[in-house]
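Protein sequences appear in the order of chains G and S. Residue numbers for the first sequence follow our numbering, so the first one is 8 and each next one is one higher. Residue numbers for the second sequence follow our numbering, so the first one is 8 and each next one is one higher. By construction, the Cβ of each residue, glycine as well, lies at the ideal position given by its N, Cα and C atoms. No experiment lies behind these values; they were computed from the predicted model shown. A quick write-up on the structure given underneath.
Number of protein chains: 2
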Amino acid sequence: MAIHQQLLQQKLSEKGLKATPQRIAILDAIYTLNNHPTAEQITDFVRAAHPTISIGTIYKTLDTFVKKNVIHKVSTPDEVMRYDGILTPHHHLYHTDSNVITDYVNEELDELLKTFFEKHAIEGYEINSVKLNIYGNSNEHPK
Amino acid sequence: MAIHQQLLQQKLSEKGLKATPQRIAILDAIYTLNNHPTAEQITDFVRAAHPTISIGTIYKTLDTFVKKNVIHKVSTPDEVMRYDGILTPHHHLYHTDSNVITDYVNEELDELLKTFFEKHAIEGYEINSVKLNIYGNSNEHPK
DNA sequence: GTCTCTGCAAACGTTTTGCAAGTAG
DNA sequence: CTACTTGCAAAACGTTTGCAGAGAC
């Protein structure tokens, strides 16, 4: 278990959730896998330590976590849901070629957007949050 | 048929696609329904004129259209794919309460974003496009 | 002891597939 | 005429559900 169990247990109790071994393992999986894992990736990870955990439990637990605001659900261009353990506001970089999603945080950008939408209110619409989806590719190893 | 058939036919031929009645009807449906219809909504619309069209055909056709860049596929917070006949760049307003998605176009915003990302290149990453997801609700009829 | 959670298996809705027959170019 | 498209049915896929037994508090 990569993250100290007490911390995970505490996190669950804080939200009024029973700290079962399965839940601790699932939360650990999300934090350890870190990069927006799918339910399947979480299952694979958790099964290493809990071979008998069922998919139903995984989904129910993830659902509970989302409802209790322990994690977020992220929709992706392909039709699989992903889960995100990072709750501070951030944008997403979609790596089109590798299907990887990384986080993008930039306060200056957020400030810019905030100012823009204060000046340009959308008629009849109240903005709750603004998230950028940035599509592109790694250019680390150009051909 | 809401949109003149010749135009639809032409649009298909341009992309090297055979202009079958089914394809014309599906394209018409997307343009007529207009606001990011689901495959189901498209099917319902098309069945009014083509009662025997099969769901398989709808999906295959939509897929072909996306591949040939006749339409775009839009992923949504709930797990249904939607299709978009408007190919000019635009952002999306997610109406959380009603599940409606409307378009948001603002050149000043796009200019702002372009300038921002020119100044703040993301290391190792080449941006292809930037799309805003704006979440919120209508405040037209406040309680 | 109570109330919630787990595991299992069945069901669900959406999307994909394989194939034979049909049709646009 | 030929290659692509259609319709159909079956199946794949990710996810949800119901229920009986197990476990956290």
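Buried versus exposed call for residue i [16 or more other C-beta atoms within 10 Å across all chains shown]
i: S/His127; result: exposed
i: G/Val77; result: buried
i: G/Ala56; result: exposed
i: G/Ile141; result: buried
i: S/Pro44; result: buried
i: G/Asp35; result: buried
i: G/Asp70; result: exposed
i: S/Gly131; result: exposed
i: G/Thr122; result: exposed
i: S/Leu94; result: exposed
Identified DSSP bridge partners for residue i
i: S/Lys80; result: S/Tyr90
i: S/Lys22; result: Note: S/Lys22 sits in no beta bridge, so no partner.
i: G/Ser136; result: S/Tyr142
i: S/His98; result: S/Tyr111
i: G/Thr59; result: According to DSSP, G/Thr59 bridges with nothing at all.
i: S/Thr71; result: Answer is none; S/Thr71 lacks a bridge partner.
i: S/Thr45; result: S/Arg89
Rounded straight-line distance, which links the Cα of residue j to that of residue i
i: S/Phe50; j: S/Ile62; result: Note on identity: in this sequence residue 50 of chain S is Thr, with Phe being the wrong assignment. Going from the Cα of S/Thr50 to the Cα of S/Ile62 covers about 7 Å.
i: G/Ser20; j: G/Arg30; result: 11 Å
i: S/Ala26; j: S/Ile108; result: 29 Å
i: S/Glu114; j: S/Ser136; result: 14 Å
i: S/Gln12; j: S/Ile65; result: 18 Å
i: S/Leu14; j: S/Val81; result: 24 Å
i: S/Pro96; j: S/Ala32; result: 25 Å
i: S/Gln48; j: G/His99; result: 30 Å
i: S/Val73; j: G/Val73; result: 32 Å
i: S/Leu120; j: G/His102; result: 19 Å
i: S/Thr68; j: S/Ile37; result: 12 Å
i: S/Pro28; j: S/Tyr111; result: 32 Å
i: S/Leu116; j: S/Leu24; result: 36 Å
i: S/Pro58; j: G/Glu118; result: 52 Å
i: G/Ile7; j: S/Ile129; result: Outside the shown range of chain G (8 to 150) lies residue 7 of chain G, about which nothing can therefore be said.
Close-in-space but distant-in-sequence residues of the same chain around residue i (CB under 8 Å, 5 per side omitted)
i: G/Arg54; result: Ile60
i: S/Lys150; result: Since pLDDT at S/Lys150 reaches only 47, below the 50 mark, its modelled position is unreliable, and the value read off the structure follows with that caveat. Result list for S/Lys150: empty, nothing under 8 Å.
i: G/Lys22; result: Lys75, Asn76, Val77
i: S/Asn41; result: Gly92
i: S/Asp104; result: Asn144, Ser145
i: S/Gln16; result: Ala26, Ile31
i: S/Lys18; result: Leu34, Val77
i: G/Asn106; result: Asp85
Own chain residues within Cβ distance below 6 Å of residue i, not counting five before or after
i: G/Thr83; result: Arg89
i: S/Leu139; result: His98
i: G/His79; result: Asp91
Own chain, CB closer than 7 Å to residue i, minus 5 neighbours either side, in chain order
i: S/Val87; result: Thr45
i: G/Ile134; result: Phe124
i: S/Glu147; result: none
Requested in this report: Jot down the residue ranges of each uninterrupted beta strand (DSSP E) in the segment 101–134 of chain S, minimum 3 residues, whole runs only, in chain order.
Outcome: Here the runs fully enclosed are 107–111.
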